[in-house]
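One structure is given here, and the rest of the page talks about it.
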Amino acid sequence: MTEAIQTQAGVAFQRLLDTLSEIQQRYLSDEFGITDPDSAAEGHRLLIHQLDTALSMYFEQDAAHPDWRRIVGPHRKALGDNTDAIYFTAPWSSAYTYRVTGNIAGAAYTSFTVEAGATDGSYATQTAGVLNDTDFDIADDGSYEVFFGGEPRDRNWLALPEGGGLITTRHYFEWPQPAAADDTLLIPLTIEVLEEVGPPDRPSDASIAAGIDRMANFMRGRTIDQPPRGSVPLPTWVGVTPNEFPTPEKPGDLAFAAFDAAYSMAPYFLAPDEALVITGRWPECRFANVCLWNRFLQTYDYVHRTVGLNRSNTVLETDGSWRIVLAHEDPGVPNWLDTEGRPFGQVYWRYFLAEGDIDTPQATVVKLADLRDS
383 MTEAIQTQAG VAFQRLLDTL SEIQQRYLSD EFGITDPDSA AEGHRLLIHQ
433 LDTALSMYFE QDAAHPDWRR IVGPHRKALG DNTDAIYFTA PWSSAYTYRV
483 TGNIAGAAYT SFTVEAGATD GSYATQTAGV LNDTDFDIAD DGSYEVFFGG
533 EPRDRNWLAL PEGGGLITTR HYFEWPQPAA ADDTLLIPLT IEVLEEVGPP
583 DRPSDASIAA GIDRMANFMR GRTIDQPPRG SVPLPTWVGV TPNEFPTPEK
633 PGDLAFAAFD AAYSMAPYFL APDEALVITG RWPECRFANV CLWNRFLQTY
683 DYVHRTVGLN RSNTVLETDG SWRIVLAHED PGVPNWLDTE GRPFGQVYWR
733 YFLAEGDIDT PQATVVKLAD LRDS
């Protein structure tokens, strides 16, 4: 039998395989609340999507030579993705100053958040700062220029704490059709280091091993290194009672959340002959929407079904309120959110730059037949 050549990369590759094996055995088990074949199968889909994310975002990541990479899309869902948004990420180090240029490209809301502590693929420890489109100057053609790190600037700038991590961009669109499904949508965006850094070194055994280890760290940080469900307190805006939404609140410095948004989330549970009728009204804000997720915080199929709504495609009542209906099949009324036939899932609300109070959505379970007859 031929023996493999011993390299640092080979040792790291075996560590990645061992990590994936441990994740399969532990994360897709009752230790993390997985007790049925359907959930286990969907968990494997999540792991493949996360592995794709780890490869594209972390394997060849370089804070001295960063570029923007799209985080999620119709065929790579993770981290609580969004039907109406495009997200990009790039690495940063406090050793450098970064210049970012871009264009709003018709987005209702654009922001940059600094995620700290994610230098080696690990889960970010906190959101260290946010710069939204009220904090930087935008030209008449939608273009802008912002800076991260280096000497303080009066505007168009965000400080970087010591260490490193990720810059996450958010581009939210209130269009009738999901922006995340639009393959033609172009969002101009560049990032460059202002210091002289020279070209990157060619890949080496050590650098390839480090990239593989970042992938393993990413996979662990989003699965078995997370606390199992019910073992730690949840934010107050995360509900656990099916079909009952908590008051929307801002998340503070929770990693991968935006300072300037309010959120509300709760599970739904519906029998085959039931529907969930949700009533409320959109607040005065820059952007608001609702999405359906599975238990792994992945959106449902927004390319072929309506699984999210925003203010532009919600049919309103005469008083400006709305009635949104979750059902397994078309109830014959406006604002149907298609559950794909799933009896259980998550309903997630986002409200950005809201003015005044935000109404808490109110939900009632009804018989689908009664809804059709009404």
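Numbering (my numbering), first residue to last: 383 to 756. Here a beta-carbon is modelled for each residue, glycine too, at the ideal position from N, C-alpha and C. Being a predicted model, the structure only gives us computed values, none of them experimental.
Residue i versus residue j - alpha carbon distance
i: Gly621; j: Pro649; result: 7 angstroms
i: Trp619; j: Asn625; result: 14 angstroms
i: Gly484; j: Arg408; result: 42 angstroms
i: Ile416; j: Phe678; result: 11 angstroms
i: Phe395; j: Phe651; result: 41 angstroms
i: Trp704; j: Thr696; result: 7 angstroms
i: Phe441; j: Ile590; result: 8 angstroms
i: Ala637; j: Arg754; result: Here the model assigns Ala637 a pLDDT of 48, short of 50, so the residue's position is not dependable, and the following value carries that caveat. Between Ala637 and Arg754, the C-alpha separation is close to 42 angstroms.
i: Leu691; j: Ile569; result: 22 angstroms
i: Ile468; j: Asp720; result: 22 angstroms
i: Gly546; j: Ile606; result: 23 angstroms
i: Ala592; j: Glu404; result: 20 angstroms
i: Glu574; j: His447; result: 7 angstroms
i: Phe414; j: Arg451; result: 30 angstroms
i: Leu428; j: Asp536; result: 43 angstroms
i: Gly488; j: Ala386; result: 53 angstroms
i: Asp434; j: Pro725; result: 28 angstroms
i: Gln608; j: Asp701; result: 44 angstroms
i: Pro617; j: Pro633; result: 8 angstroms
i: Phe627; j: Gly612; result: 18 angstroms
i: Gly436; j: Phe470; result: The question names Gly, but residue 436 is Ala in the sequence shown. Roughly 14 angstroms separates the two Cα atoms.
i: Pro456; j: Ala562; result: 7 angstroms
i: Ala500; j: Asp517; result: 25 angstroms
i: Phe529; j: Leu576; result: 10 angstroms
i: Glu656; j: Asp420; result: 21 angstroms
i: Tyr478; j: Pro610; result: 37 angstroms
i: Leu398; j: Arg584; result: 22 angstroms
i: Met597; j: Val454; result: 16 angstroms
i: Asn538; j: Asp565; result: 30 angstroms
i: Ile520; j: Trp474; result: 23 angstroms
i: Glu578; j: Glu424; result: 46 angstroms
Counterpart residues of residue i in DSSP-defined beta bridges
i: Lys749; result: Glu656
i: Gly727; result: Tyr650
i: Asn671; result: Asn692 and Arg732
i: Val454; result: Answer is none; Val454 lacks a bridge partner.
i: His710; result: In DSSP, His710 forms no bridge with anything.
i: Phe494; result: Leu513 and Thr551
i: Leu540; result: Phe530
i: Arg705; result: Thr661
i: Glu737; result: Glu666
i: Gln443; result: Note: Gln443 sits in no beta bridge, so no partner.
i: Leu698; result: Trp704
i: Thr681; result: Trp675
Cβ neighbours of residue i in the same chain (closer than 7 angstroms, five flanking residues each side left out)
i: Trp675; result: Gly462, Thr681, Gly727, Gln728 and Tyr730
i: Cys667; result: Tyr733, Phe734, Leu735, Ala736 and Glu737
i: Ala599; result: Correcting the residue identity first, residue 599 is Asn in this sequence and not Ala. Within the same chain, Asn599 has close Cβ partners Asp502, Gly503 and Ser504.
i: Ser411; result: none
i: Ile740; result: Pro630, Ala644, Pro665 and Tyr733
i: Glu722; result: Tyr682, Asp683 and Arg687
i: Thr389; result: Asp587
i: Thr746; result: Val659
i: Pro654; result: His710
i: Tyr554; result: Asp466, Ala467, Ala489, Ala490, Tyr491, Phe669 and Phe734
i: Ser476; result: Gly531, Leu542, Pro543, Glu544, Gly545 and Gly546
i: Leu513; result: Ser493, Phe494, Val528 and Leu540
i: Leu402; result: Met601
Contact set for residue i: own chain, Cβ-Cβ below 6 angstroms, skip 5 residues either direction
i: Trp664; result: Ala670 and Arg693
i: Ala510; result: Val496, Ala498 and Pro543
i: Lys459; result: His431, Gln680 and Thr681
i: Gly603; result: Ser504 and Tyr505
i: Thr751; result: The displayed chain sequence assigns Ala, not Thr, to residue 751. Taken in chain order, the list of residues that qualify is empty.
i: Ala472; result: Pro448, Trp450, Ile549 and Ile573
i: Ser525; result: Asn485
Limits of the unbroken alpha helix (DSSP H) element including residue i
i: Pro804; result: In the structure as shown, the chain starts at 383 and stops at 756, and residue 804 therefore has no counterpart that could be examined.
i: Thr401; result: Gln390 to Tyr409
N- and C-terminal bounds of the beta strand (DSSP E) containing residue i
i: Ser525; result: Ser525 to Phe530
i: Ala472; result: Ala467 to Ser475
i: Ile387; result: No beta strand (DSSP E) holds Ile387; DSSP gives it neither H nor E.
i: Thr483; result: Tyr480 to Asn485
i: Trp718; result: Trp718 to Asp720
Neighbourhood of residue i by C-beta, 8 angstroms cutoff - its chain only, sequence neighbours within 5 removed
i: Ala391; result: Asp587, Ile590, Ala591 and Ile594
i: Val393; result: Ala591
i: Pro560; result: Thr465, Asp466, Tyr684, Val685 and Gly690
What are the start and end residues of each continuous beta strand (DSSP E) run of 3 or more residues lying completely inside the region 598-653, in chain order?
643-651
Please list the segments of the beta strand (DSSP E) lying wholly inside the region 557-594, counting only runs of 3 or more residues, in order along the chain.
571-575
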